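The structure appears below as structure tokens.
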Amino acid sequence: MQVEKYKLDGFNNDLLADHKRRFEFVAADVANVDDVLQKLEAFQIAIPSWALGTGGTRFGRFSGGGEPRSLEEKIEDVGVLHALNKSSGAISLHIPWDIPQNHQAIKTLAAQHGLRFDAMNSNTFQDQAGAPESYKFGSLQHIDKAVRDQAIAHNIEVIKQGIELGSKSLTVWLADGSSFPGQLNFRGAFERTLDSLKQIYAALPDDWKLYLEYKCYEPNFYSTTVADWGQSLLYVTKLGPKAYTLVDLGHHLPNANIEQIVSLLLMEGRLAGFHFNDSKYGDDDLTVGSINPYQLFLIFNELVEGMDARGMNHATDLGWMIDASHNLKDPIEDLLQSIQAIQIAYAQALIVDKEALVAAQKVNDVALAQEILQKAYRTDVRALVSEASLRAGGAIDPIGAYRKLQVRENLIKERGAKTVATGL
Ligand SMILES: [Mn+2]
């Protein structure tokens, strides 16, 4: 399934007059509008290969139709997303769910869709068929060296797969921890995990980064061996300059001040990047921006401020990825909504009047500082996002185009109504 350009152009033409009116209205109030549009166009968010099929909960899974049956079809789906919004120009693979059989052919296919390979993701939270050792009691932390060695070897294998594809980073998320007091010696678990990570780190090419993701709880419910940003930072500081802390929005205890966390990690030069999702209660893996868009804006405000303070390139110096699970919506529609929500928060952060904010902070004008942030947040920037998409060759309204062009109906025709994506 390919989105044909002439059909997309026809769709855009029908919306153009209305779009132009809305764009000019908002652009009139944005001093740096060309800069904002250029940054929006450059900003690409990686799509994880596991987000293209219907996810489930621990109670069940209800399939959608036309799910990608192979890595090739997953790449085609990301190609559809990218054709529609021109902001999904990367795919993040999960090994062993998506092991390429022919690296050159996979690279060529991705290039045909304008995609590059973002961070590689290892998996030591599930046992694989035929593997001699079990991860039931952890992987890199395991008390048994044979289990740790198997997990280390797997991570090194994932790096090798990534080198073949042109990826430049490895994301390590560990389910390691304990569910009952007394089960684990915390210091021993930390030391074994650090030793395992050092061996993985030693296998990283010079131009690669290791992203260490943290999570406060789940699947273990008493302790997690990389539980929060402090623990992740402790590991990465001990590992070396190629190791960074990865922040996943849903991996915090309720009400955590995530914008402050990213600000300080950026200050220390240790922020790897971001996994986007949203939640109301825990790690709910809901569509980013669907529950708490103001928090997302505040996070982007700190990201932009912190990256600018260090002279960083917004688009390329950090890793940006969606990490969500879609069990009710069409995964592609959900991803289109996710990317739009991210772009909206990013655009709002870009239009914050930074000079005025700094001046207000200097004189402790609390009300004015709040007004300055909320003025940006309350600006309807959707036409800016649409304009950036249009200029890049995408759709003014990506979800509208997806429906009008009947992409899902075509995918079901091609693949069948009862397909299940690998890894789900
Ligand atoms: Mn994540």
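If you read the sequence shown in the numbering used here, its first letter stands for residue 37, the second for the next number, and so on. Glycine included, each C-beta is placed from N, C-alpha and C at the ideal position. Here the structure is a predicted model, which is why all the values come from computation and not from measurement.
Check residue i in the structure and name its three-state DSSP category.
| i | result |
| --- | --- |
| Arg-94 | coil |
| Ile-179 | coil |
| Arg-306 | coil |
| Asp-389 | coil |
| Gly-150 | coil |
| Asn-159 | coil |
| Glu-40 | coil |
| Ser-215 | coil |
| Ile-83 | strand |
| Thr-260 | strand |
| Phe-61 | helix |
| Asp-242 | coil |
| Leu-441 | coil |
| Val-417 | coil |
| Gly-430 | coil |
| Lys-398 | helix |
| Leu-145 | helix |
| Gly-46 | helix |
| Leu-51 | helix |
| Asn-291 | coil |
| Ala-165 | coil |
| Leu-300 | helix |
| Asp-185 | helix |
| Lys-56 | helix |
| Asp-374 | The sequence as given places Ser at residue 374; Asp does not occur at that position. Three-state result, Ser-374: helix. |
| Val-194 | helix |
| Gly-452 | coil |
| Ala-383 | helix |
| Asn-446 | helix |
| His-362 | coil |
Assuming contact is defined by CB atoms lying nearer than 8 Å, are residue i and residue j in contact in what I supplied?
| i | j | result |
| --- | --- | --- |
| Leu-364 | Pro-434 | no |
| Trp-133 | Thr-458 | yes |
| Pro-136 | Ile-199 | no |
| Ala-308 | Gly-342 | no |
| Ala-431 | Ala-437 | yes |
| Leu-289 | Tyr-271 | no |
| Lys-278 | Leu-246 | yes |
| Ser-99 | Thr-90 | yes |
| Gly-101 | Ile-335 | no |
| Thr-261 | Asp-212 | yes |
| Ser-128 | Pro-168 | no |
| Leu-285 | Arg-346 | no |
| Glu-21 | Val-298 | Residue 21 lies beyond the stretch modelled for the chain, which goes from 37 to 460, so this question has no answer here. |
| Leu-51 | Arg-427 | no |
| Ala-82 | Met-357 | yes |
| Ser-361 | Thr-323 | no |
| Leu-88 | Gly-115 | no |
| Arg-306 | Ser-232 | no |
| Lys-214 | Asn-256 | The residue you asked about is not Lys; residue 214 is Ser in the sequence shown. Contact: yes. |
| Tyr-258 | Phe-216 | yes |
| Arg-439 | Ile-380 | no |
| Val-368 | Val-421 | Reading off the sequence shown, one finds Ile at residue 368, where the question assumed Val. No, they are not a contact pair. |
| Leu-76 | Ala-383 | yes |
| Leu-275 | Tyr-237 | yes |
| Gln-397 | Ala-403 | no |
The alpha helix (DSSP H) spanning residue i covers which residue range?
| i | result |
| --- | --- |
| Leu-233 | 222-238 |
| Leu-129 | Careful: Leu-129 lies outside any alpha helix (DSSP H) and carries neither H nor E. |
| Thr-352 | Counting along the chain, Thr-352 falls outside any alpha helix (DSSP H), and DSSP gives it neither H nor E. |
| Lys-245 | Segment 245-249 is the beta strand (DSSP E) holding Lys-245; no alpha helix (DSSP H) there. |
| Leu-404 | 402-413 |
| Thr-273 | 265-275 |
| Asp-113 | 107-121 |
| Glu-77 | 69-78 |
List the endpoints of the continuous beta strand (DSSP E) containing residue i.
| i | result |
| --- | --- |
| Met-343 | Segment 329-345 is the alpha helix (DSSP H) holding Met-343; no beta strand (DSSP E) there. |
| Tyr-280 | 279-284 |
List the residues that DSSP assigns as beta-bridge partners of residue i.
| i | result |
| --- | --- |
| Ser-205 | Lys-245 |
| Leu-322 | Asp-314 |
Segment contact flag, the region 176-194 with the region 100-119, C-beta cutoff 8 Å, min 3 pairs: no
Below 8 Å, how does it come out for the region 141-153 and the region 166-174: are there three or more Cβ pairs, yes or no? no
Across the region 223-236 and the region 322-336, are there enough close Cβ pairs to call them in contact, namely three or more that are closer than 8 Å? no
Per the contact definition of three or more C-beta pairs closer than 8 Å, is the region 149-159 in contact with the region 202-210? yes
Counting pairs of Cβ atoms below 8 Å between the region 407-419 and the region 375-389, do you hit three or more? yes
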